[in-house]
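To keep things clear, I will list the structure first and then write my remarks on it.
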Amino acid sequence: MKAPGNRKERWGFGPAFFFVIASVYANTAPAVEMFGRFEAQLVSEPEPIKTTLSDWGSEFDSGRRQWAVSQAEVGFRERGIEISVFTRALADLRMNSEAVSFYGQIARKEPLNEGERIPVALRVNGFSGSGIRSGYRHSQESWTISGGISVFKTRHLMSGTLDGEFVAAAENDYDFSADVDYVYYRDVIFDRPDVEKASGIGWAFDIAASWQPMKKLNLNFRAEDLFSRIRWKDAPFTQAQANTDNKSFDDEGYAVFAPTISGTEGYRDTFYQDLDPRFYGTAQWQEGAWLAVVHGQYQFGYGLYGAGFGRTLAGEARILASYWPELESLRLELTRGKWQAMVSADEVTWSSVRAISLGLSYNY
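Using our numbering, read the sequence shown as starting at 1286 and increasing by one per residue.
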């Protein structure tokens, strides 16, 4: 799986140019606050991320999900009104665990169990884009609430399904059949030539809130991509049946095939792509200089949680460490003034990492 966003495309003015203009404006208007953030998360349950980026599927062993989410945003806030520009990318791939294990055996040319039948169910949803967000933030003594709407121009469409079955015909031979229905910017399954890429316009809502019900307790909540949808024009699509009738064997005697398809290829005048909402929550308790924290996160039909401890340091600095069991990851967060940095990983060696997150924000 290749994450979208490889082409060097931009829409209108970019975040760097906007930052310069807003900075000049901020120098002349003390009431203006700058804010910004960068966030990225890569998760690959079936195999290390490094392998997925270089040779997808070759080390599949277990798991069902792969996803990549990234966003960079910069803007200003005045009297509660927020204006920002951003660029973002998303890739969400879901598979059944039986197909993951069987595909890994094939990729590594391992002996198969003759007669074994493996169902295949694959779902993919992804895009990249850039746009503008407008919102409003209101604060009182113990709470803050904000919301906004984003409009963005999109590219790198990838969305659809593949449902079928593997059958092990022998230790070194297998058959495969599937129904495929997907839209794309590049046909990664059947390598359709000369595809004209679609472009789209998307919109999404977000809300966030923080509350301090008592001196020692802080609660935070954020929801993104609420009621989010992208409208694509002239989206390339393939709707077909694929099989392994066109089969050969390599020098080691293992089956290889070029997919044989029958169906329809073309362009859909209009295609609507829906995005799953994402939810984040944090509860933090402070006792003197020590902190206890609990995190919750729900995205792509998958719930995650983390828990840990921290400590306040000199100079308004604070450090937190939490463990996320589902991802087997350790997260470290450092806050100083309006700055906050975060890093999370399940391994220290890049070749073994299956879950990694990075974040940096200012006054967000």
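Glycine is no exception: its CB is placed at the ideal position from the N, C-alpha and C atoms.
Cβ separation of residue i and residue j, assumed to be a contact under 8 Å, to the nearest whole Å
{"i": "residue 1486", "j": "residue 1516", "result": "5 Å"}
{"i": "residue 1451", "j": "residue 1403", "result": "4 Å"}
{"i": "residue 1606", "j": "residue 1617", "result": "6 Å"}
{"i": "residue 1431", "j": "residue 1488", "result": "Not confirmed; about 18 Å, so no contact."}
{"i": "residue 1588", "j": "residue 1561", "result": "That belief does not hold up - the Cβ atoms of residue 1588 and residue 1561 are roughly 12 Å apart, past 8 Å."}
{"i": "residue 1414", "j": "residue 1344", "result": "Rounded, the Cβ-Cβ distance is 31 Å, inconsistent with contact."}
{"i": "residue 1514", "j": "residue 1482", "result": "The pair is not a contact, with the Cβ atoms about 19 Å apart (cut-off 8 Å)."}
{"i": "residue 1348", "j": "residue 1330", "result": "3 Å"}
{"i": "residue 1455", "j": "residue 1399", "result": "5 Å"}
{"i": "residue 1592", "j": "residue 1527", "result": "Between residue 1527 and residue 1592 the Cβ distance is about 45 Å, and since that is not below 8 Å, they are no contact."}
{"i": "residue 1577", "j": "residue 1596", "result": "Not quite, the Cβ-Cβ distance comes to about 11 Å (not below 8 Å), so this is no contact."}
{"i": "residue 1445", "j": "residue 1433", "result": "With 8 Å as the limit, residue 1445 and residue 1433 do not qualify as a contact, their Cβ atoms being about 30 Å apart."}
{"i": "residue 1418", "j": "residue 1369", "result": "5 Å"}
Cutoff 6 Å; reference residue i; Cβ partners in own chain excluding five residues on either side
{"i": "residue 1650", "result": "For the chain, the structure presents residues 1286 to 1649; residue 1650 sits outside this window and is missing."}
{"i": "residue 1564", "result": "1508 and 1583"}
{"i": "residue 1495", "result": "1429 and 1505"}
{"i": "residue 1355", "result": "1325 and 1374"}
{"i": "residue 1327", "result": "1334, 1353 and 1641"}
{"i": "residue 1649", "result": "1320 and 1322"}
Buried versus exposed, by CB contacts within 10 Å (16 or more), residue i
{"i": "residue 1410", "result": "buried"}
{"i": "residue 1377", "result": "buried"}
{"i": "residue 1352", "result": "buried"}
{"i": "residue 1636", "result": "exposed"}
{"i": "residue 1624", "result": "exposed"}
{"i": "residue 1621", "result": "exposed"}
{"i": "residue 1548", "result": "exposed"}
{"i": "residue 1425", "result": "exposed"}
{"i": "residue 1600", "result": "exposed"}
{"i": "residue 1525", "result": "buried"}
Three-state secondary structure (DSSP) of residue i
{"i": "residue 1458", "result": "strand"}
{"i": "residue 1450", "result": "strand"}
{"i": "residue 1310", "result": "The predicted position of residue 1310 is uncertain, since its pLDDT is 49 and thus under 50; a value taken from the coordinates is nonetheless stated next. Residue state, collapsed to three classes: helix."}
{"i": "residue 1387", "result": "helix"}
{"i": "residue 1337", "result": "helix"}
{"i": "residue 1637", "result": "helix"}
{"i": "residue 1598", "result": "coil"}
{"i": "residue 1619", "result": "strand"}
{"i": "residue 1539", "result": "coil"}
{"i": "residue 1544", "result": "coil"}
{"i": "residue 1365", "result": "coil"}
{"i": "residue 1574", "result": "coil"}
{"i": "residue 1465", "result": "strand"}
{"i": "residue 1316", "result": "coil"}
{"i": "residue 1345", "result": "coil"}
{"i": "residue 1586", "result": "coil"}
{"i": "residue 1561", "result": "coil"}
{"i": "residue 1631", "result": "coil"}
Own chain partners of residue i with C-beta closer than 7 Å, once the 5 adjacent residues on each side are dropped
{"i": "residue 1540", "result": "1457, 1458, 1459, 1532 and 1534"}
{"i": "residue 1671", "result": "This structure cannot speak to residue 1671, because the chain is shown only from 1286 to 1649."}
{"i": "residue 1611", "result": "1589"}
{"i": "residue 1311", "result": "Unreliable placement is indicated for residue 1311, whose pLDDT of 47 sits below 50; no coordinate value is reported for it."}
{"i": "residue 1437", "result": "1414, 1415, 1416 and 1487"}
Same chain, Cβ closer than 8 Å to residue i, five either side skipped, listed in chain order
{"i": "residue 1551", "result": "1521 and 1522"}
{"i": "residue 1498", "result": "1427 and 1504"}
{"i": "residue 1423", "result": "1365, 1429, 1430 and 1431"}
{"i": "residue 1630", "result": "1614, 1615, 1638, 1640, 1641 and 1642"}
> Which full runs of the beta strand (DSSP E) of 3+ residues lie inside the region 1371-1430, going along the chain?
Replying inline: 1402-1424
> Unbroken beta strand (DSSP E) runs of length 3 or more, entirely within the region 1463-1536: which are they?
Replying inline: 1484-1499, 1502-1528 and 1532-1534
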